[in-house]
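Residue numbering for the sequence shown follows our numbering, beginning at 1 and increasing consecutively.
Down below is the structure, laid out as structure tokens.
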Amino acid sequence: MSQRAQSVSAENRDTCHPLVHFDGGSEAIRRLEKRLERVEAHLDASRSVVEQQAAALSSLCCDLARMRRLVHRNRGLLCAPPARLDVVRSNWESIQMLRNQRELAPEHLVGAMLRVMKRREPILDKRTAMPRVCFIGDGFAGSWRMRAQQIARMRPGWKAKATARLKLSELSRYDVFVFVKRFDIYWAQQMRERQKVVIYDVVDPWKQPDDGLAHDTPPKIRSYFERLLGRLPVDGVIFPNGAMYGDLRQLTPNPIVIHHHFRPELVPAPVRLVAKTVGYEGREEYLGEWRQTIQTVCRRLGLQFVANPPSLNAIDIGFIARGGDHGSLMAKRYKSNVKLANMLAAGVPTVVQAGEESYAETGGDLIGYFSTPDELEAAVRRLLPFSTRLDLHRRMLPHSLQFSIEHIADQYEEYFRQLLQDIPSL
């Protein structure tokens with residue numbers, strides 16, 4: 001090849017491949033870096049928009065849930081015909097008097113007005129008056145706080161008292177007495193002698209975990225409750241779930257199922273774009289072997305497990321299980337729905353150990369079930385997509401209204417009225 005041909009070939013090579021020269025290569029790299037910066041900026045902006053839209057959507061879901069609860073709680077007012085307003089006006093002075101006597105807390109004044117509208121009757125009319133009810137119990141258990149103290153606050157004339165502080169002179173003040181969790185034969189006999197309605201609200205009354213371990217078959221469990229319930233001086237028994245009602249209703253007079261309500265202060269939790277936290281409420285020792293299992297599953301999936309978070313708003317996925325000595329057949333069949341009721345009210349998608357009767361009864365297809373560690377991991381993994389959690393959140397909130405304290409208190413009142421009407425001696 002001639003010298004001139006070699007020169008032309010070198011020029012073409014340099015023109016076609018600018019990276020051969022250091023300066024030209026640096027310029028190309030700078031252009032690529034600028035292009036990458038623009039792409040990254042665009043991705044950041046897009047991510048920000050998606051997160052804002054997700055937050056706005058979650059906020060709208062929360063607002064919708066609050067509106068649904070407001071409508072549910074105020075249905076008596078929203079549906080009231082004009083004629084009911086006269087009833088409300090005629091009872092205003094009575095309600096104010098109850099409030100001044102501290103029989104009605106200020107925060108429940110509106111609730112009392114709505115109930116007056118719903119019933120079409122003066123609340124102090126002795127012929128149709130609200131049953132006077134006293135809830136009795138140990139005064140400190142969690143079930144006592146919910147099934148006695150919180151329920152009692154929902155009506156004027158309802159009280160919650162620890163058995164140790166009850167006096168014989170007080171029995172004449174009430175029409176109905178409800179023993180919550182702990183029954184007292186002496187006091188029940190005193191009430192029956194005075195022709196009072198006596199009810200037992202059976203909330204896991206067995207010694208835990210000992211009685212559950214000692215009675216590990218259906219016949220043994222039946223025998224245990226035959227001894228517990230068979231001869232109680234009661235007019236009615238409230239069971240916390242349908243399984244207990246189905247197994248034991250023949251042992252008791254006037255049995256009924258009333259589920260647990262969720263915590264009244266709960267509000268819908270946000271649905272985050274990315275799930276990060278799995279949460280559990282309750283004593284950690286109740287988890288048994290599942291505590292280590294859920295921690296392992298969370299590590300595999302890049303999640304954090306938190307026991308007893310400060311708020312359900314701080315978690316993305318709920319977890320409910322029972323293991324070790326506390327995972328007895330008695331506990332799984334007869335424990336209440338309270339843990340799941342709280343998750344439903346917050347709209348937190350939840351995985352639950354299979355075999356828990358109360359949760360299957362009240363959660364249905366809104367929750368995921370597991371029996372093995374592999375099933376637990378699969379159930380949690382199914383809840384990781386944002387769209388899945390958002391869909392469940394939207395469906396859980398209206399479903400939870402049946403477990404609101406307002407709805408549950410209505411069930412108690414209806415049951416009390418029915419017993420007062422049906423028992424001839426009263």
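Backbone N, C-alpha and C define an ideal beta-carbon position, used for all residues, glycine too.
Going straight from the alpha carbon of residue i to that of residue j, what length do you get?
{"i": "Arg30", "j": "Asp44", "result": "21 Å"}
{"i": "Leu19", "j": "Val39", "result": "Only weak support is given to the placement of Leu19: the predicted model assigns it a pLDDT of 43, under 50, and the value that follows is read from those uncertain coordinates. Distance between the alpha carbons of Leu19 and Val39 is about 23 Å."}
{"i": "Arg132", "j": "Leu266", "result": "28 Å"}
{"i": "Val338", "j": "Ile317", "result": "17 Å"}
{"i": "Asp374", "j": "Gly139", "result": "42 Å"}
{"i": "Leu420", "j": "Phe177", "result": "12 Å"}
{"i": "Ser143", "j": "Tyr186", "result": "22 Å"}
{"i": "Phe183", "j": "Pro233", "result": "10 Å"}
{"i": "Arg153", "j": "Arg147", "result": "11 Å"}
{"i": "Gly279", "j": "Ala345", "result": "15 Å"}
{"i": "Arg222", "j": "Met330", "result": "10 Å"}
{"i": "Val352", "j": "Phe225", "result": "27 Å"}
{"i": "Gln149", "j": "Trp158", "result": "9 Å"}
{"i": "Tyr200", "j": "Ala243", "result": "17 Å"}
{"i": "Phe135", "j": "Ala188", "result": "12 Å"}
{"i": "Arg173", "j": "Cys298", "result": "54 Å"}
{"i": "Gly230", "j": "Ala360", "result": "28 Å"}
{"i": "Thr293", "j": "Phe305", "result": "11 Å"}
{"i": "His407", "j": "Ile258", "result": "10 Å"}
{"i": "Ser169", "j": "Thr163", "result": "14 Å"}
{"i": "Gly137", "j": "Arg249", "result": "22 Å"}
{"i": "Ala378", "j": "Phe403", "result": "28 Å"}
{"i": "Thr252", "j": "Ile367", "result": "32 Å"}
{"i": "Pro219", "j": "Pro209", "result": "18 Å"}
{"i": "Arg165", "j": "Val198", "result": "18 Å"}
{"i": "Val348", "j": "Gln418", "result": "36 Å"}
So, with DSSP's three-state summary, where would you put residue i?
{"i": "Thr277", "result": "strand"}
{"i": "Ile238", "result": "strand"}
{"i": "Gly142", "result": "helix"}
{"i": "Thr163", "result": "helix"}
{"i": "Thr350", "result": "strand"}
{"i": "Ala409", "result": "helix"}
{"i": "Gly212", "result": "helix"}
{"i": "Phe370", "result": "strand"}
{"i": "Ser26", "result": "helix"}
{"i": "Arg263", "result": "coil"}
{"i": "Val87", "result": "Residue confidence is low: Val87 scores 39 on pLDDT, short of 50, so the model does not pin down where it sits. Its coordinate-derived value is still stated next. Of the three classes helix, strand and coil, the one that applies to Val87 here is helix, per DSSP."}
{"i": "Asn342", "result": "helix"}
{"i": "Ile423", "result": "coil"}
{"i": "Lys207", "result": "coil"}
{"i": "Tyr245", "result": "helix"}
{"i": "Glu33", "result": "helix"}
{"i": "Val39", "result": "helix"}
{"i": "Ala152", "result": "helix"}
{"i": "Leu251", "result": "helix"}
{"i": "Ala45", "result": "helix"}
{"i": "Ser169", "result": "helix"}
{"i": "Arg291", "result": "helix"}
{"i": "Glu414", "result": "helix"}
Pull the bridge partners of residue i from the DSSP assignment, please.
{"i": "Trp158", "result": "Val133"}
{"i": "Ile256", "result": "Ile238"}
{"i": "Ile315", "result": "DSSP lists no partner for Ile315."}
{"i": "Val180", "result": "Asp201"}
Please list the terminal residues of the continuous beta strand (DSSP E) segment that includes residue i.
{"i": "Gly324", "result": "Note, Gly324: premise wrong, no beta strand (DSSP E); not H, not E."}
{"i": "Tyr286", "result": "Note, Tyr286: premise wrong, no beta strand (DSSP E); not H, not E."}
{"i": "Asp391", "result": "Not the beta strand (DSSP E): Asp391 falls in the alpha helix (DSSP H), residues Phe386 to Ser400."}
{"i": "Ile451", "result": "The question about residue 451 has no answer, for the chain in this structure spans 1 to 426."}
Just to confirm, does residue i get its C-beta within under 6 Å of one of the non-hydrogen atoms of the ligand COA?
{"i": "Ala307", "result": "Questions concerning the ligand COA fall outside what the structure shown contains, since it holds no ligand whatsoever."}
Start and end of the alpha helix (DSSP H) containing residue i?
{"i": "Tyr174", "result": "Note, Tyr174: premise wrong, no alpha helix (DSSP H); not H, not E."}
{"i": "Val380", "result": "Pro373 to Arg382"}
{"i": "Gly364", "result": "It is not in any alpha helix (DSSP H) - Gly364 carries neither H nor E in the DSSP assignment."}
{"i": "Ala188", "result": "Ile185 to Glu193"}
{"i": "Phe305", "result": "That residue, Phe305, is in no alpha helix (DSSP H); its beta strand (DSSP E) goes Gln304 to Ala307."}
{"i": "Ile221", "result": "Pro218 to Leu229"}
{"i": "Leu301", "result": "Counting along the chain, Leu301 falls outside any alpha helix (DSSP H), and DSSP gives it neither H nor E."}
{"i": "Ala331", "result": "Leu329 to Tyr334"}
Rounded to whole angstroms, how far is the Cβ of residue i from the Cβ of residue j, which I believe are closer than 8 Å?
{"i": "Lys181", "j": "Val203", "result": "5 Å"}
{"i": "Ser358", "j": "Pro240", "result": "7 Å"}
{"i": "Arg389", "j": "Glu356", "result": "With a Cβ gap of about 22 Å, Arg389 and Glu356 do not count as contacting."}
{"i": "Leu397", "j": "Pro310", "result": "In fact, because the Cβ distance is near 21 Å, the residues do not count as touching under 8 Å."}
{"i": "Ala314", "j": "Leu384", "result": "About 18 Å; that fails the 8 Å criterion."}
{"i": "Ala354", "j": "Ser371", "result": "5 Å"}
{"i": "Asp175", "j": "Lys161", "result": "About 15 Å; that fails the 8 Å criterion."}
{"i": "Asp325", "j": "Leu213", "result": "6 Å"}
{"i": "Glu281", "j": "Asn308", "result": "6 Å"}
{"i": "Ile423", "j": "Asp247", "result": "Not a contact, Cβ separation roughly 25 Å."}
{"i": "Phe179", "j": "Ser400", "result": "That belief does not hold up - the Cβ atoms of Phe179 and Ser400 are roughly 28 Å apart, past 8 Å."}
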